[in-house]
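Colleague: Structure below; questions to follow.
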Amino acid sequence: MRPWRLAGLLCLIAAALFAGQGDAMARMVTRPVTWAQDGVRFDSVLVYDDSVPGHRPGLVMVPNWHGVNAIAIDKARMIAGHRYVILLTDVYGASVRPADDAQAQAAVRPLMADRALLRARMARALAELRAQAASAPIDLSRLAAIGFCFGGTAVLDLARSGAELGAVVSFHGDLATDDPALARGIRASVLVMNGADDQWTMPDVPAFLREMSQTPTAWQFVAIGHAVHCFTETEATTPKGPCRYDADAAEQSYALMRGWLATHLAGAVR
């Protein structure tokens with residue numbers, strides 16, 4: 144074999160070996176986290192990249208009304224990257240895993256009817272995220288919650304409960320509340336992003352803005368132009384439907400989320 148060909152082959156082998164070592168070193172942890180509350184078992188998932196040195200912000204993440212499933216786990220991995228440790232949170236209970244929209248609507252109904260129950264379950268999820276700091280690289284001085292669709296509603300209710308969080312971010316979530324006065328006790332800085340053409344949530348914006356005017360912390364409402372409901376949900380592919388993925392809106396909202404978390408978790412106090 145000619146020397147230059149041998150050298151090239153050796154370089155390719157070395158590169159392949161290095162890449163293999165990199166893949167082995169960079170591993171996204173996906174670990175089950177289970178707890179019981181009021182006789183109900185909840186199966187959640189902790190997600191983070193264990194190849195990144197140092198501690199990082201911890202996020203409670205509540206998915207859309209289909210709950211914890213493979214799509215939601217992939218989304219948590221994408222968001223976590225090397226930036227965050229995410230507790231993908233089960234708020235229904237382990238026995239409830241909706242397979243379609245009808246089942247998801249049935250799962251959501253009791254929690255929307257009993258918002259105190261939803262807030263209690265979210266408070267427990269936050270406590271479980273804190274507990275994971277014993278074995279995961281979570282900076283307990285920088286905690287936040289993010290949620291999508293019904294999950295956005297859930298994290299807004301966590302903020303309304305007065306939870307000790309640096310930030311809360313809601314993506315295309317329902318804005319209505321059972322008690323607008325709860326906003327006076329919000330401690331987190333709240334970012335809410337909804338599609339300007341979302342026929343389900345935008346009618347509630349005026350009441351939401353009045354509610355949030357009572358909030359003592361920083362907050363922002365962003366209406367993303369031309370976006371409808373579900374704009375971050377890659378599986379929402381119905382053409383021209385009222386619930387539809389929008390890649391541009393998703394990218395914009397993720398960038399806004401990262402900026403909001405960077406700003407409002409930077410000075411958080413343990």
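Just so you know, we're using my numbering here: the sequence shown kicks off at 144 and counts up by one. We put the beta carbon where it would ideally sit given N, CA and C, even for glycine.
(1) Which of the three DSSP states is assigned to R220 in this structure?
(2) Return the chain-ordered ranges of every beta strand (DSSP E) run that is complete within the region 223 to 292 and spans a minimum of 3 residues.
(3) Secondary structure at D166, three-state DSSP: helix, strand or coil?
(4) Using DSSP's beta-bridge definition, name the partner residues of R367.
(5) Determine the contact status of A213 and Y235, defining contact as a CB-CB distance below 8 Å.
(6) Does R233 pass the burial test, meaning 16 or more other C-beta atoms within 10 Å, or should it be called exposed?
(7) For D300, count neighbouring C-beta atoms within 10 Å of its own C-beta (all shown protein chains included) and say buried if the count is 16 or more, exposed if not.
(8) Is the CB-CB distance between G224 and D192 below 8 Å?
(9) Is the CB-CB distance between G295 and S313 below 8 Å?
(10) Check whether the region 392 to 406 and the region 271 to 281 touch, using three or more Cβ-Cβ pairs below 8 Å as the test.
(11) Helix, strand or coil for V190 per DSSP?
(12) Should D181 be labelled buried (16 or more other beta-carbon atoms within 10 Å of its own) or exposed?
Modeller: The structure says:
(1) In the three-state scheme derived from DSSP, where H, G and I count as helix and E and B as strand, R220 is classed as helix.
(2) Here the runs fully enclosed are 228 to 231, 281 to 291.
(3) Because D166 sits at a pLDDT of 41, beneath the cut-off of 50, its placement in the model cannot be relied upon, and the following sentence gives the value as read from the coordinates. The answer is helix: DSSP assigns D166 an H, G or I state.
(4) The amino acid at residue 367 is misidentified as Arg; the sequence shows Ile. Its beta-bridge partners are G338.
(5) Not a contact, by the Cβ cut-off of 8 Å.
(6) For clarity, residue 233 is Asp in the given sequence; the question names Arg instead. By the Cβ neighbour-count rule, D233 is buried, with 16 or more other Cβ atoms within 10 Å of its own.
(7) Looking at its Cβ environment, which holds 16 or more other Cβ atoms inside 10 Å, D300 is buried.
(8) The answer is yes: Cβ separation under 8 Å.
(9) Going by C-beta atoms, G295 is nearer than 8 Å to S313.
(10) Short answer: they don't touch.
(11) Here DSSP, grouped into helix, strand and coil, assigns V190 to strand.
(12) Around the C-beta of D181, fewer than 16 other C-beta atoms lie within 10 Å, and the residue is accordingly described as exposed.
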